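Notes to accompany the following structure.
Protein chains: 2
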Amino acid sequence: MATGRTHRPATRSRGIPEATVARLPLYLRALTALSERSVPTVSSEELAAAAGVNSAKLRKDFSYLGSYGTRGVGYDVEYLVYQISRELGLTQDWPVVIVGIGNLGAALANYGGFASRGFRVAALIDADPAMAGKPVAGIPVQHTDDLEKIIKDNGVSIGVIATPAGAAQQVCDRLVAAGVTSILNFAPTVLSVPDGVDVRKVDLSIELQILAFHEQRKAGEETAAGDAALPAATRDDSADQGPDGDVPAVMPA
Amino acid sequence: MATGRTHRPATRSRGIPEATVARLPLYLRALTALSERSVPTVSSEELAAAAGVNSAKLRKDFSYLGSYGTRGVGYDVEYLVYQISRELGLTQDWPVVIVGIGNLGAALANYGGFASRGFRVAALIDADPAMAGKPVAGIPVQHTDDLEKIIKDNGVSIGVIATPAGAAQQVCDRLVAAGVTSILNFAPTVLSVPDGVDVRKVDLSIELQILAFHEQRKAGEETAAGDAALPAATRDDSADQGPDGDVPAVMPA
DNA sequence: GAATGTGAAGTATTTCACAGCT
DNA sequence: AGCTGTGAAATACTTCACATTC
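Residue numbers (our numbering), protein chains in the order written: chain A, 1 to 253; chain B, 1001 to 1253.
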């Protein structure tokens, strides 16, 4: 099929594994906490514990960035904070827009974790004309009509979609057309985007479903130890079941 | 010495890879949409496109569940919906509590995606006495003092933490002590939990940081061929959509 | 003919274990 | 002595490609 696309955004120069990139923010958070407590140095063992990973993994991760530690001593906290911040691109200011100011969008607008990491909420956008002008988290909501202008005026390259699923693709298309190249999608839908645009999604109900899977497994394997009243009779036919037979259409709307 | 039982009885029987489990909700969502449009069958190719993965992966994933398709034909949509729901444990009712009813907690309480997948918000809990009794999403907020009783009375095994970071570990400890064995954590902190308790985390600012990393890289590599960046609709499913490579936040070692 | 299901091959990630520096 | 940095081994995941089944 001749590889019509590059799977990863041009991973040639400095190939930091995706799995490592995904953990850098974790390390950064732990380091920031240490920095606030004025801890000067930290060992891979300590930092790993604070970040919730094991130390071999952490050292391997850091080895992709360079040799920033001192053997026999550990890592200089401030130096490492800077190096990771730089690697993640957090030493610059990232204006973001949030589209869809419902409950979730408002929560995101109020979320302190953005500002403290170099992300600045440049604008809030909603399709409801009644919202226009209303301030949320101190920022006046603007109407979708002006989306393109807002993106361009603010030089926004990162967009957050918190609209209902039905509107997400359309919003996405407009964001991309206006110049946005990274999208964080909270709508429970798969977005299709042109090459070169990154999408990450957060689906709250997916996380719960994964938990339910493991929870079910626990209940099935260990004989209920300690729990007094188990609710809900489990329809357990975990062994192989017949080819067909009756197929209960179990799906709440 | 500690438990060495990290690997189970090494069977191939019920060992569904984590990566596969994490995609089942995705398939389920796509299948539900097909079901609503009364589509009777679907091929791996079509379903994969709808879910945003490639078809080989999807077939491999399904092969861990069993042989639910028909060669030459495809998959029966209703049947597959049922099988995946059952595998995920969604054929039973999961009462959940949400602790921390700030902006985010309220958004979660209002989020429709929970109820539609077998999750029932059994209670909302907050530490602020002024919130007590106030209804959010139609459910009266209860005070933290009653946490243990609420958990037990409702047979809750899944808890959602949406408190500030500072309160999260304490809330977590109480949830676990009261019998909760799965936790979805929105607070930007690493929770430590005893063996047997699952934690999944969602950190909004981490997702943005990962995007920033790639965004920075794009800007740095900007080649002269940059004008192809218009949405010429490269209809691929390539996009690295999704925070799959997640850290299964388990703790002590 | 069409499309699943799956060994085998190919990648990616994690873990081990220890050489090498301070 | 203590701790990093890293090849090598182990494990996990993805993709290929095709025999098999309808």
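Built from N, CA and C at the ideal position, the CB exists for glycine as well.
The structure displayed is predicted, hence computed values, not measured ones.
**Reference residue 1180/B, options 1187/B, 1199/B, 1188/B, 1189/B, closest by Cα** = Taking the first residue of the second sequence as position 1, residue 1180/B is located at position 180. Selected option, being the one with the closest Cα: 1199/B.
**Message:** Pop quiz: residue 117/A and residue 96/A are said to be a contact at Cβ under 8 angstroms. What is the actual Cβ separation, rounded to whole angstroms?
**Reply:** The sequence position of residue 117/A within the first sequence is 117, counting from 1. The sequence position of residue 96/A within the first sequence is 96, counting from 1. Their Cβ separation, rounded to whole angstroms, is 11 angstroms, which puts residue 117/A and residue 96/A out of contact at 8 angstroms.
**Request:** Closer than 7 angstroms by C-beta to residue 61/A: which residues in its own chain qualify, once you throw out the five before and the five after it? Chain order, please.
**Result:** What you label residue 61/A is simply residue 61 of the first sequence in a count that begins at 1. Closer than 7 angstroms at the Cβ level, and outside the excluded window around residue 61/A, lie 20, 23.
**Prompt:** Taking Cβ positions only, does residue 1052/B come closer than 8 angstroms to chain A?
**Reply:** Locating residue 1052/B in the second sequence gives position 52, counting from the first residue. Chain A, which has a Cβ nearer than 8 angstroms to the Cβ of residue 1052/B, makes this yes.
**Cβ-based contacts, 7 angstroms cut-off: residues of the segment 34–46 of chain A near chain B** = none
**Request:** Reducing DSSP to helix, strand and coil, say where residue 1220/B ends up.
**Result:** As a working note, residue 1220/B is residue 220 in the second sequence. Residue 1220/B: helix per DSSP, three-state reduction.
**Prompt:** What residues in its chain sit with their C-beta under 8 angstroms from that of residue 45/A, if we drop five residues either side in the sequence?
**Reply:** Taking the first residue of the first sequence as position 1, residue 45/A is located at position 45. Excluding sequence neighbours, residue 45/A sits near 55.
**Prompt:** Secondary structure at residue 1134/B, three-state DSSP: helix, strand or coil?
**Reply:** Within the second sequence, numbered from 1, the residue matching residue 1134/B stands at position 134. Coil.
**Asked** Excluding the five sequence neighbours on either side, which residues of its own chain have a C-beta within less than 8 angstroms of the C-beta of residue 1167/B, listed in chain order?
**Response** Translated into the one-based positions of the second sequence, residue 1167/B becomes position 167. Closer than 8 angstroms at Cβ, skipping near neighbours: 1100, 1127, 1187.
**Request:** Sort out for me which residues DSSP pairs residue 142/A with in a bridge.
**Result:** Start at 1 with the first residue of the first sequence, and residue 142/A comes out as number 142. Bridge partners of residue 142/A: 125/A.
**Asked** So, helix, strand or coil for residue 1064/B, using DSSP?
**Response** Here residue 1064/B is taken as the residue at index 64 of the second sequence, counted from 1. Correct three-state label for residue 1064/B: helix.
**Prompt:** Is it right to say residue 1015/B is buried, meaning 16 or more other beta carbons lie within 10 angstroms of its own, or is it exposed?
**Reply:** To locate residue 1015/B, count along the second sequence from 1; it is residue 15. Exposed, by the Cβ-count rule.
**Request:** Kindly list, in the order they appear in chain B, the residues whose Cβ is closer than 8 angstroms to that of residue 120/A.
**Result:** Numbered from its first residue, the first sequence carries residue 120/A at position 120. What residue 120/A touches in chain B: nothing, since even the nearest Cβ is about 11 angstroms away.
**Message:** Out of 1130/B, 1050/B, 1123/B, 1140/B, which one is the CA nearest neighbour of residue 1161/B?
**Reply:** Sequence index remark: in the second sequence, residue 1161/B carries index 161 (1-based). Residue 1161/B has its Cα closest to that of 1123/B, out of 1130/B, 1050/B, 1123/B, 1140/B.
**Message:** Does the CB of residue 1111/B have a neighbour CB from chain A at under 8 angstroms?
**Reply:** Residue mapping note: residue 1111/B aligns to position 111 of the second sequence, counting from 1. So, interface residue.
**Request:** Note the first and the last residue of the continuous alpha helix (DSSP H) segment covering residue 54/A.
**Result:** Position 54 of the first sequence, counted from the start, is the residue given in the question as residue 54/A. Taken as a continuous stretch (DSSP letters only), residue 54/A belongs to no alpha helix (DSSP H), as it is neither H nor E.
**Asked** Is there a Cβ from chain B that is less than 8 angstroms from the Cβ of residue 58/A?
**Response** The residue you call residue 58/A lines up with position 58 of the first sequence. So, not an interface residue.
**Request:** Output yes if chain A places a C-beta closer than 8 angstroms to the C-beta of residue 1211/B; else output no.
**Result:** The count along the second sequence starts at 1 and reaches residue 1211/B at position 211. True, the Cβ-Cβ gap to chain A drops below 8 angstroms.
**Spatial neighbours of residue 159/A in its chain, beta-carbon cut-off 6 angstroms, leaving aside the 5 residues before and after** = Locating residue 159/A in the first sequence gives position 159, where the first residue counts as 1. Result list for residue 159/A: 97, 175, 180, 183, in chain order.
**Message:** With H, G and I counted as helix, E and B as strand and the rest as coil, what does DSSP make of residue 28/A?
**Reply:** To locate residue 28/A, count along the first sequence from 1; it is residue 28. Reduced to three states, the DSSP call for residue 28/A is helix.
**Residues near residue 1169/B by beta carbon distance below 8 angstroms, same chain, minus five either side** = As a working note, residue 1169/B is residue 169 in the second sequence. Answer for residue 1169/B: 1189, 1191, 1192, listed in chain order.
**Prompt:** Quick one: any contact between the segment 1195–1210 of chain B and the segment 207–223 of chain A, if contact means 3 or more CB pairs under 8 angstroms?
**Reply:** yes
**Request:** Report buried or exposed for residue 1086/B, applying the criterion of at least 16 other Cβ atoms within 10 angstroms of its Cβ.
**Result:** On the second sequence, position 86 is the one that residue 1086/B refers to. By the neighbour-count rule (16 or more Cβ atoms within 10 Å), residue 1086/B is buried.
**Message:** Output needed for residue 1133/B: all residues of its chain with C-beta closer than 6 angstroms, excluding positions within five of it in sequence on either side, in chain order.
**Reply:** Along the second sequence, read from residue 1 onward, the residue named residue 1133/B stands at position 133. 1140, listed in sequence order.
**Asked** Does any C-beta atom of chain B lie closer than 8 angstroms to the C-beta of residue 107/A?
**Response** In the first sequence, residue 107/A corresponds to position 107, counting from 1. At least one chain B Cβ lies under 8 angstroms of residue 107/A.
**Asked** Under a Cβ-count criterion, where at least 16 other Cβ atoms within 10 Å of its own Cβ denotes burial, should residue 1205/B be classed as buried or exposed?
**Response** Residue 1205/B sits at position 205 when you count from the first residue of the second sequence. Residue 1205/B should be labelled buried.
**Message:** Between residue 1216/B and chain A, is any beta-carbon pair separated by less than 8 angstroms?
**Reply:** By 1-based counting over the second sequence, the position of residue 1216/B is 216. Chain A, which has a Cβ nearer than 8 angstroms to the Cβ of residue 1216/B, makes this yes.
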